[in-house]
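Counting along the sequence shown from 1, when you hit position 18 you're at 62 in my numbering, and nothing is skipped either side.
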Amino acid sequence: MAVAVALVAVAAPAVAAHAQRGAKAAPKQAPKPAAKPAAKAPPRDRAAARAHAVELLTASPLVDGHNDLPWTIREQKGMERDVDAYDLRKKTPHQTDLARVRSGKLGGQFWSVYIPGDIKDSGFARVQLEQIDIARRMIAKYPETFVAANTAADMRAAFKQHKVGSMLGMEGGHAIENSLGALRAYYDLGVRYMTLTHNVTLDWADAANDAAKHGGLTNFGREVVREMNRLGMLVDLSHVSPAVMSHALNISEAPVMYSHSSARAIVDHPRNVPDSILTRLPKNGGVVMVNFYPVFDSPSLRAHGLARDRQQVALRQRLGADTAAVNRELRAWDAANVAPRATLADVANMIDHIRNVASADNVGIGSDYDGVDDELPIGLEDLSNYPDLFAELILRGWNDTDLKKLAGENILRALEKAEQVAKRLQRERGPSTKTIEELDGKPRIHP
Numbered sequence: 045m046a047v048a049v050a051l052v053a054v055a056a057p058a059v060a061a062h063a064q065r066g067a068k069a070a071p072k073q074a075p076k077p078a079a080k081p082a083a084k085a086p087p088r089d090r091a092a093a094r095a096h097a098v099e100l101l102t103a104s105p106l107v108d109g110h111n112d113l114p115w116t117i118r119e120q121k122g123m124e125r126d127v128d129a130y131d132l133r134k135k136t137p138h139q140t141d142l143a144r145v146r147s148g149k150l151g152g153q154f155w156s157v158y159i160p161g162d163i164k165d166s167g168f169a170r171v172q173l174e175q176i177d178i179a180r181r182m183i184a185k186y187p188e189t190f191v192a193a194n195t196a197a198d199m200r201a202a203f204k205q206h207k208v209g210s211m212l213g214m215e216g217g218h219a220i221e222n223s224l225g226a227l228r229a230y231y232d233l234g235v236r237y238m239t240l241t242h243n244v245t246l247d248w249a250d251a252a253n254d255a256a257k258h259g260g261l262t263n264f265g266r267e268v269v270r271e272m273n274r275l276g277m278l279v280d281l282s283h284v285s286p287a288v289m290s291h292a293l294n295i296s297e298a299p300v301m302y303s304h305s306s307a308r309a310i311v312d313h314p315r316n317v318p319d320s321i322l323t324r325l326p327k328n329g330g331v332v333m334v335n336f337y338p339v340f341d342s343p344s345l346r347a348h349g350l351a352r353d354r355q356q357v358a359l360r361q362r363l364g365a366d367t368a369a370v371n372r373e374l375r376a377w378d379a380a381n382v383a384p385r386a387t388l389a390d391v392a393n394m395i396d397h398i399r400n401v402a403s404a405d406n407v408g409i410g411s412d413y414d415g416v417d418d419e420l421p422i423g424l425e426d427l428s429n430y431p432d433l434f435a436e437l438i439l440r441g442w443n444d445t446d447l448k449k450l451a452g453e454n455i456l457r458a459l460e461k462a463e464q465v466a467k468r469l470q471r472e473r474g475p476s477t478k479t480i481e482e483l484d485g486k487p488r489i490h491p
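1) For E419, does the count of other Cβ atoms within 10 angstroms reach 16, so buried, or fall short, so exposed?
2) Taking A451 as the reference, give the member of M333, L439, Q355, K467 with the closest Cα.
3) Tell me which residues share the same chain as A46 and place their Cβ nearer than 7 Å to its Cβ, disregarding the 5 neighbours each side in the sequence.
4) Once the 5 residues before and after D337 are set aside, which same chain residues still bring their CB inside 6 Å of it?
5) Taking just the CA atoms, how far does G259 sit from D247?
6) Identify which residue in H348, S403, T387, I398 has its Cα closest to the Cα of W377.
7) Where does K149 land, buried or exposed, given buried means 16+ other C-beta within 10 angstroms?
8) Taking P87 as the reference, give the member of W442, L101, I455 with the closest Cα.
9) Go through its chain and collect everything with a Cβ distance to V235's Cβ below 6 Å, but skip five positions before and after it.
10) Would you identify the three-state DSSP class for E124, choosing helix, strand or coil?
11) On the premise that M301 lies in contact with A331, defined as a C-beta separation below 8 Å, what is that separation, rounded to the nearest angstrom?
12) Hey, which unbroken runs of the alpha helix (DSSP H) at 4 residues or more fall wholly within the region 184 to 216?
13) Under DSSP, the alpha helix (DSSP H) around R266 begins and ends at which residues?
14) Less than 8 Å between the beta carbons of G329 and K461, yes or no?
15) Hey, would you say N406 sits closer than 8 Å to L325, going by beta carbons?
16) For K327, is the classification buried or exposed, using 16 other Cβ atoms within 10 angstroms of its Cβ as the cut-off for buried?
17) Work out the CA separation of G364 and R125 for me, nearest whole Å.
18) Mapping DSSP to helix, strand and coil, what is T239?
19) With C-beta atoms as the reference, is R228 less than 8 Å away from L275?
20) Within a Cβ cutoff of 8 Å, which residues of the same chain sit near E188, ignoring the five residues on either side of it in sequence?
21) Assuming D341 is part of the alpha helix (DSSP H), what are its boundary residues?
22) Counting Cβ pairs closer than 8 Å, one from the region 418 to 438 and one from the region 385 to 399, do we hit at least three?
23) Run through the DSSP bridge pairs and tell me what D280 is partnered with.
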């Protein structure tokens, strides 16, 4: 028995081996895919959120829609119009200099070449050309930081070179002096958006802060929008009446922009954008670039301002022509009713609202730095505070994709679309030779 058992034991492996040679090989199992790294938990404290914001803005461009530095240079006492004297390599008395450009992670800028709409001593075109000259000289003076840009691709290329792509934005259609030829000349000088009005109603468009005379855009105003589309110049609807906003959205074949505006549902100011317009932006692809001007962003500050206006009216009614008495009592009212300050959170509320009513694709940043007379919101005192605003949004749950859209991807996408529309329209038609006399009859004298 012992011998038989041993023989069976020896034979068993041989039989098994023979069976394996006659059978198909078992298929190899595919290796399990490597586990995806766990997503980073969103920062829960402000310091970590700010660090994340800096990281994000280092990788994706922050493009601000509106900075009035060229006008600051023009008006700075003792160094008027002197680009060399107003040295951005040193700390400036306002909000913008090279150190704060770097610390704020600014990645692209539309420099406003603003001129007032009520100049009486000469034509608007001369002053507009001077402002374009100041802006261009300023950009050229700091080649290590700024580079002139004419297209969205130029802006992206500048960012890759760690420079601030710089475009020009005209603030007010009064500068074209009712001439489409002038509009084209400004485009050739580097202007890539034009605010249709500033604070004065024009011969062809109603301003938000002035009496409406046209019910929106006149026929010539509509032709201005069409010619801007043909050029590839963004139609800027900050400062215009809601009727002009609506007309422009009806006409424009390219995305519109608001270079520096906020939401009217939160602060009922004529300069802000109504929800009825915000809901139309997803279809158009337009972008509202949220302003940091305190009275446009803070409900409590707006309410305080309206109360002060009512008090002033009451004092004038009671005291009549006694201006000194009116001013004295108004100062006493001011002392007893200190104006509240706008805050960074107020601005973040505006951004949240526009995202919620329009979409994350329709909101951007248009600070109005160097153009704000009042105290800026607490926490947004100058360019160095951009990351603080993004940190606040991170703490509110914004994801990186939407933050990048807000920072610059939305406005660059709108600009790219405007460039595509322009190429098509230039194949379809030549420059418009229409005049305001042809389209609207004899123009009013403006101003």
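Even glycine gets a Cβ: it sits at the ideal position worked out from N, Cα and C. Bear in mind the structure is a predicted one, so any value in this text is a computation, not a measurement.
According to the data block:
1) Walking along the sequence shown from the start, residue 419 turns up at place 375. The residue is exposed, with fewer than 16 neighbouring Cβ atoms inside 10 Å.
2) As a first step, residue 451 must be located in the sequence shown, where it is residue number 407. Taking the Cα of A451 as reference, the smallest distance to any Cα among M333, L439, Q355, K467 is reached at M333.
3) Here residue 46 is taken as the residue at index 2 of the sequence shown, counted from 1. At A46, the pLDDT of 40 sits below 50, so the modelled position is not reliable; the number obtained from the coordinates is stated separately. So no residue of the chain qualifies.
4) As a first step, residue 337 must be located in the sequence shown, where it is residue number 293. A small fix is needed here, since residue 337 is Tyr in this sequence, not Asp. The residues are D412, V416.
5) Residue 247 sits at position 203 when you count from the first residue of the sequence shown. Residue 259 sits at position 215 when you count from the first residue of the sequence shown. In a straight line, the C-alpha of D247 is about 12 Å away from that of G259.
6) Mapped onto the sequence shown, residue 377 falls at position 333. When only C-alpha atoms are compared, the closest one is H348.
7) Position 105 of the sequence shown, counted from the start, is the residue given in the question as residue 149. The residue in question, K149, is buried, as its Cβ has 16 or more Cβ neighbours within 10 Å.
8) Locating residue 87 in the sequence shown gives position 43, counting from the first residue. Closest option to P87, Cα to Cα, is W442.
9) To locate residue 235, count along the sequence shown from 1; it is residue 191. Excluding residues within five positions, the ones whose Cβ falls inside 6 Å are L212, M214.
10) Taking the first residue of the sequence shown as position 1, residue 124 is located at position 80. E124: coil per DSSP, three-state reduction.
11) For the purposes of this step, residue 331 is taken as residue 287 along the sequence shown, with counting starting at 1. For the purposes of this step, residue 301 is taken as residue 257 along the sequence shown, with counting starting at 1. Per the sequence shown, residue 331 should be read as Val rather than Ala. 5 Å between Cβ atoms; contact.
12) 196 to 204
13) Translated into the one-based positions of the sequence shown, residue 266 becomes position 222. Taken as a continuous stretch (DSSP letters only), the alpha helix (DSSP H) holding R266 covers 263 to 275.
14) Against the sequence shown, residue 329 aligns to sequence position 285. Against the sequence shown, residue 461 aligns to sequence position 417. Yes, the Cβ-Cβ distance between G329 and K461 is below 8 Å.
15) The residue given as residue 406 occupies position 362 in the sequence shown. The residue given as residue 325 occupies position 281 in the sequence shown. For N406 and L325, yes; Cβs fall inside 8 Å.
16) In the sequence shown, the residue the question calls residue 327 occupies position 283. Per the 10 Å Cβ criterion, exposed.
17) What you label residue 125 is simply residue 81 of the sequence shown in a count that begins at 1. What you label residue 364 is simply residue 320 of the sequence shown in a count that begins at 1. So the alpha carbons of these two residues sit roughly 42 Å apart.
18) Reading the sequence shown from its first residue, position 195 is the one you call residue 239. It is a strand residue.
19) If you number the sequence shown from 1, residue 228 lands on position 184. If you number the sequence shown from 1, residue 275 lands on position 231. In this structure, L275 lies closer than 8 Å to R228 by Cβ.
20) Here residue 188 corresponds to residue number 144 of the sequence shown, with the count starting at 1. Contacts found: K207.
21) As a first step, residue 341 must be located in the sequence shown, where it is residue number 297. It spans 338 to 341 - the alpha helix (DSSP H) in which D341 sits, taken as one unbroken run.
22) yes
23) Sequence index remark: in the sequence shown, residue 280 carries index 236 (1-based). According to DSSP, which records beta bridges pairwise, D280 is partnered with T239, M301.
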